[in-house]
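Have a look at the structure below, then the notes.
Number of protein chains: 2
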Amino acid sequence: MRLVYRISTALVALVLIAAPALAVEKVRWKMAMSWSSTLTPFATAPIELAKIIEEMSGGDFTIRVEGAEKHKAALGILDMTKGGQYEMGHSASYYWKGKDITTVFFCTVPFGMNADEQNAWFYKGGGMELMQKTYDKFDVLSFPGGNTGVQMGGWFQKEIKGLDDLKGLKMRIPGLAGEVFAKLGVNVTNIAPGELYTSLDRGTIDALEWVGPAMDIKMGFHKIAPFYYTGWHEPATELQFLINKKAYDKLPKEYQAMLVTAMKAVTADLFIDNFAGSADAWEQMKTEFPNIQVKTFPKEVMQAMKTASDELYDEYAAKDASFKEVLDSQRAYTKKARAWTNISEYNYIKTLEELAD
Amino acid sequence: MRLVYRISTALVALVLIAAPALAVEKVRWKMAMSWSSTLTPFATAPIELAKIIEEMSGGDFTIRVEGAEKHKAALGILDMTKGGQYEMGHSASYYWKGKDITTVFFCTVPFGMNADEQNAWFYKGGGMELMQKTYDKFDVLSFPGGNTGVQMGGWFQKEIKGLDDLKGLKMRIPGLAGEVFAKLGVNVTNIAPGELYTSLDRGTIDALEWVGPAMDIKMGFHKIAPFYYTGWHEPATELQFLINKKAYDKLPKEYQAMLVTAMKAVTADLFIDNFAGSADAWEQMKTEFPNIQVKTFPKEVMQAMKTASDELYDEYAAKDASFKEVLDSQRAYTKKARAWTNISEYNYIKTLEELAD
Numbered sequence: 006m007r008l009v010y011r012i013s014t015a016l017v018a019l020v021l022i023a024a025p026a027l028a029v030e031k032v033r034w035k036m037a038m039s040w041s042s043t044l045t046p047f048a049t050a051p052i053e054l055a056k057i058i059e060e061m062s063g064g065d066f067t068i069r070v071e072g073a074e075k076h077k078a079a080l081g082i083l084d085m086t087k088g089g090q091y092e093m094g095h096s097a098s099y100y101w102k103g104k105d106i107t108t109v110f111f112c113t114v115p116f117g118m119n120a121d122e123q124n125a126w127f128y129k130g131g132g133m134e135l136m137q138k139t140y141d142k143f144d145v146l147s148f149p150g151g152n153t154g155v156q157m158g159g160w161f162q163k164e165i166k167g168l169d170d171l172k173g174l175k176m177r178i179p180g181l182a183g184e185v186f187a188k189l190g191v192n193v194t195n196i197a198p199g200e201l202y203t204s205l206d207r208g209t210i211d212a213l214e215w216v217g218p219a220m221d222i223k224m225g226f227h228k229i230a231p232f233y234y235t236g237w238h239e240p241a242t243e244l245q246f247l248i249n250k251k252a253y254d255k256l257p258k259e260y261q262a263m264l265v266t267a268m269k270a271v272t273a274d275l276f277i278d279n280f281a282g283s284a285d286a287w288e289q290m291k292t293e294f295p296n297i298q299v300k301t302f303p304k305e306v307m308q309a310m311k312t313a314s315d316e317l318y319d320e321y322a323a324k325d326a327s328f329k330e331v332l333d334s335q336r337a338y339t340k341k342a343r344a345w346t347n348i349s350e351y352n353y354i355k356t357l358e359e360l361a362d
Numbered sequence: 006m007r008l009v010y011r012i013s014t015a016l017v018a019l020v021l022i023a024a025p026a027l028a029v030e031k032v033r034w035k036m037a038m039s040w041s042s043t044l045t046p047f048a049t050a051p052i053e054l055a056k057i058i059e060e061m062s063g064g065d066f067t068i069r070v071e072g073a074e075k076h077k078a079a080l081g082i083l084d085m086t087k088g089g090q091y092e093m094g095h096s097a098s099y100y101w102k103g104k105d106i107t108t109v110f111f112c113t114v115p116f117g118m119n120a121d122e123q124n125a126w127f128y129k130g131g132g133m134e135l136m137q138k139t140y141d142k143f144d145v146l147s148f149p150g151g152n153t154g155v156q157m158g159g160w161f162q163k164e165i166k167g168l169d170d171l172k173g174l175k176m177r178i179p180g181l182a183g184e185v186f187a188k189l190g191v192n193v194t195n196i197a198p199g200e201l202y203t204s205l206d207r208g209t210i211d212a213l214e215w216v217g218p219a220m221d222i223k224m225g226f227h228k229i230a231p232f233y234y235t236g237w238h239e240p241a242t243e244l245q246f247l248i249n250k251k252a253y254d255k256l257p258k259e260y261q262a263m264l265v266t267a268m269k270a271v272t273a274d275l276f277i278d279n280f281a282g283s284a285d286a287w288e289q290m291k292t293e294f295p296n297i298q299v300k301t302f303p304k305e306v307m308q309a310m311k312t313a314s315d316e317l318y319d320e321y322a323a324k325d326a327s328f329k330e331v332l333d334s335q336r337a338y339t340k341k342a343r344a345w346t347n348i349s350e351y352n353y354i355k356t357l358e359e360l361a362d
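Chains as they are written, first to last, in my numbering: chain A, 6 to 362; chain B, 6 to 362.
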């Protein structure tokens, strides 16, 4: 009896050991964000990702999410993920422009695709492969991390009636859009987010861009600047999940699948959160500050910005074969996808606007 | 030594027995679709869902997906899910219009929200709660199942230059849009999908609507009808996952989380698949049949259709309090969300179109 009991106990143990890795392997990861833990909806997606992963794995796979208030390295996410201090990061690809200019295409570029077109390019137009090729040199995996949709062109103290009004204008606008504006005579500056409101209020700058109503409303710009310009410079800002490749490879296959699935789910959520938040915030701004005027830059200005953008892309492409490869891919895909956008999503809203006239 | 070994073996066994339910509970589900297994991209989403669930659960939770070619009950999905023959279904909410008219709002309605706006309404505007309230009476859970975006208005043999051209026109167009067209004098018919091509080719009908380029191209309508009209009647057709409530409640929490997460992921995929597929197919159609003309109904026709739609909604609302509740919710949300769409996504494409002129 004793022998039989001992053998059967050993067998039970063996059977359970042979069960899927899922139940027995505890994995504890950390993820660093470029934003503070309270910057919604950006921080919402990674925090929700961690919650979902914990639920799906029954608590066996957990990810501790740390905001910039903790690690103090908002722009160090790529290095920290590569180095393994964090297994994951949540950031934006265009922050790595200084390391590799090609990274800008996996976030957004002036006059680029909208979110629908860019998603189609990522998943059906070769974008995911081009992104991974770019990030292979950093030993990290890169995934879409949530899109803001079209960002607003920014808050201006004075109306821009033509190209002359841009000359000498002091504006906070980072990245490629800043380079485009600089070509047109704008005095482009960078200012820490915490100082933006005061700088605009005191006239240190004449204009600035941030994101869109959902996030701008918390900064208060609508209280001090009367002109809110429509967007051209960040038509589909895609945030980014970074994963340390070795850490990913060590995960059980079940956890890899959970991670990829949860990233896709919270990425969709972020677009929805930001869209709904912007609809709410825009209604509130208009109601509380009825004098806000929404403006679109005049055609002369738009055309000059478009020409300057194209020149900028061609300059970078002449110096960098990788940049050229992705630029060519995006230009070709945009042409095809825009033809469809024009007769579907765009035409529908246009028809309704014309009826409302 | 022997005793120590025996105790430690028993302990290992106990620890493993105490591990999460995940590894030991095998769940086998079946899902019925309204479409055949080869109707991409509609069937792609549920098939991908099953694949992801199997991967995440290490094979412990599997879902066998069956197309209409197997169960022969394309429009029986709600009944079969309610009855428990299938734990899940993949269909479209407007198919249940005959059981409860309110269900149409959880798919799409003429002149309704676009996909971005509707997603925001579902998740941030009370839509999910209203949908579940509607489906509680059927003892099933309902979730978004993937959106086609704006569907095309259909293929026409003759150009529609005004309201007179609609009188007596024989057209295949189902649902509320058919009721709207009927109000304008169209002779609305329903014809099985397999007979559509021949009916249009032989003149049994003068026009028909299907989905959009990605799916229309396989039907071949572009080879026999020269006018391709832009959409108004299905601006954001959301497919639907149905789940038997008792089956869902019996699932371990881990599997519930997997299911909800995977549904959201494949729902995002379906929009991308259909968008990219339409961009590809539209390019191909235009190249192979350069005489296809894309047309938008004249303003006179659009205005009459809009008025007829609003009348139809008000008629149903007067008879049905649930219908009125959801109609009021959608009308209010559309107003708020459209104000944001207009200055962001819509304005961006408009600006670029004006530059291209």
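We treat Cβ as the ideally placed atom computed from N, Cα and C, and that holds for glycine.
Since the model is a prediction, treat every value here as computed from it, not as a measurement.
Under a criterion of Cβ atoms nearer than 8 Å, the residues of chain B adjacent to Ala-344(A) are, in order, Ala-284, Trp-287, Glu-288 and Lys-291.
When DSSP states are grouped into helix, strand and coil, Ala-262(A) belongs to the helix group. Rounded to whole angstroms, the separation of the alpha carbons of Glu-259(A) and Gly-132(A) is 25 Å. When secondary structure is reduced to three states using DSSP, Leu-146(A) falls in the strand class. Going by C-alpha positions, Gly-63(B) is about 47 Å away from Lys-324(A). DSSP places Tyr-233(B) in the uninterrupted beta strand (DSSP E) bounded by 232-234. Taking a contact as a CB-CB distance under 8 Å, the pair Ile-277(A) and His-227(A) does not count as one, their CB atoms being some 23 Å apart. Val-216(B) sits away from Pro-115(B), with the two beta carbons spaced by 8 Å or more. Every beta strand (DSSP E) stretch that sits fully inside the segment 271-339 of chain A and reaches 3 residues is listed by chain position as 298-300. Annotation for Ser-96(A): the continuous beta strand (DSSP E) segment containing it runs 93-97. Using a Cβ-Cβ cut-off of 8 Å, Lys-304(A) is close to Glu-359 and Leu-360 of chain B, given in chain order. Within the same chain, and ignoring the five residues on either side of Thr-312(A) in sequence, no residue has its Cβ closer than 8 Å to its Cβ. Here DSSP, grouped into helix, strand and coil, assigns Leu-201(A) to helix. For Glu-214(A), there is no enclosing alpha helix (DSSP H), as DSSP marks it with neither H nor E. For Ala-125(B), there is no enclosing beta strand (DSSP E); the enclosing alpha helix (DSSP H) has its first and last residue at 120-129. With respect to Ala-322(A), Phe-328(A) sits close: the two C-beta atoms are nearer than 8 Å. When CB distances to chain B are screened at a threshold of 9 Å, the residues of the segment 127-141 of chain A falling below it are Phe-127, Tyr-128, Lys-129 and Gly-130, in chain order. The Cβ neighbour count for Gly-225(A), taken over all protein chains shown within 10 Å, is under 16; the residue is labelled exposed. Within the segment 173-184 of chain A, not one residue has a Cβ closer than 8 Å to any Cβ of chain B.
Annotation: Tyr-202(A) to Gly-159(A) spans about 13 Å, alpha carbon to alpha carbon. Look at Gln-335(B): its C-beta is not under 8 Å from any C-beta on chain A. The continuous stretches of beta strand (DSSP E) do not include Met-157(B), and DSSP gives it neither H nor E. For Trp-237(B), at least one C-beta of chain A is nearer than 8 Å to its own C-beta.
Distance from the CA of Val-299(A) to the CA of Ala-342(B), rounded to the nearest whole angstrom, comes to 16 Å. Closest in C-alpha terms to Met-307(B), from the list Val-271(A), Gly-282(A), Ala-326(A) and Thr-356(A), comes Thr-356(A).
Taking the CA atoms as reference points, Thr-107(A) sits about 25 Å from Val-191(A).
The DSSP-derived three-state label of Gly-64(B) is coil.
Of the residues assessed, Glu-243(B) falls on the buried side of the cut-off, its CB having 16 or more other CB atoms within 10 angstroms.
Closer than 8 Å to the CB of Gly-117(A) there is not a single CB belonging to chain B.
Separation of Ala-262(A) and Met-61(B) (C-alpha to C-alpha, rounded to the nearest whole angstrom) is 5 Å. In the three-state reduction of the DSSP assignment, Asn-152(A) falls in the strand class. Checking the DSSP bridge columns, you'll see Arg-177(B) partnered with Thr-194(B) and Leu-213(B).
For Glu-358(A), the enclosing alpha helix (DSSP H) covers residues 350-361. With a threshold of 8 Å between beta carbons, Tyr-353(A) makes contact with chain B. In the DSSP assignment, Gln-90(B) falls outside any alpha helix (DSSP H) and carries neither an H nor an E.
Listed in chain order, the non-local C-beta contacts of Thr-301(B) below 6 Å within the same chain comprise Thr-235, local neighbours out to five positions each way being set aside.
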